[in-house]
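Okay, structure first, notes after.
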């Protein structure tokens with residue numbers, strides 16, 4: 223199956239030191255402006271894709287659209303398992319994107335975590351990357367910003383206080 227351009231979006235918040243979580247969650251890196259964009263992206267998507275680690279550490283008990291969780295261990299919290307829109311798949315990230323396109327439609331939103339995002343970036347599957355860079359530091363799951371954005375061009379950049387919201391398009 224070929225991918226439809228501009229149909230796989232990824233959203234990520236990271237600290238200025240490259241940390242993608244702080245105290246175990248990305249939510250502590252986020253701001254009201256970042257969360258507003260988060261909800262705007264969800265409104266455009268036909269499904270959300272996350273990994274098991276994200277399911278274990280972020281609030282996914284309810285979602286406004288189908289939630290695809292891919293997990294190597296299958297260890298998913300009861301709160302997420304109770305989500306009526308949950309689809310738990312044991313697939314690699316690229317295969318999960320392909321299946322999500324078939325089952326839910328064209329626009330898939332990848333919300334994490336960084337390990338899944340790295341695999342999808344390496345496979346050249348992400349078309350649009352929405353990245354918020356927070357001033358916060360000292361977190362976990364650090365990833366190099368230049369490696370993350372290597373194959374992307376900045377389409378827009380907005381500054382809100384001490385954070386920058388970027389929209390990047392795949393080259």
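Residue numbers (our numbering): 223 to 393. Cβ atoms here follow ideal geometry from the backbone N, Cα and C, with glycine treated the same way.
- Here residue 334 is bridged, per DSSP, to 272.
- By the Cβ criterion, the segment 349-367 is in contact with the segment 243-261, since at least three pairs of Cβ atoms, one from each stretch, lie closer than 8 Å.
- A Cβ-Cβ contact shorter than 8 Å links residue 271 with residue 318.
- Secondary structure at residue 312: coil, using DSSP grouped into helix, strand and coil.
- Annotated as proximal: residue 237 and residue 356, with beta-carbon spacing under 8 Å.
- Linking residue 264 to residue 331 through their CA atoms gives a straight-line distance of about 7 Å.
- Residue burial annotation: residue 384 is exposed, with fewer than 16 other C-beta atoms found within 10 angstroms of its C-beta.
- Assignment of residue 340 by DSSP, reduced to helix, strand and coil, places it in the helix class.
- Nearest neighbour of residue 380 by Cα position, chosen from 231, 255, 242, turns out to be 255.
- Residue burial annotation: residue 323 is buried, with at least 16 other C-beta atoms found within 10 angstroms of its C-beta.
- DSSP places residue 302 in the uninterrupted alpha helix (DSSP H) bounded by 300-303.
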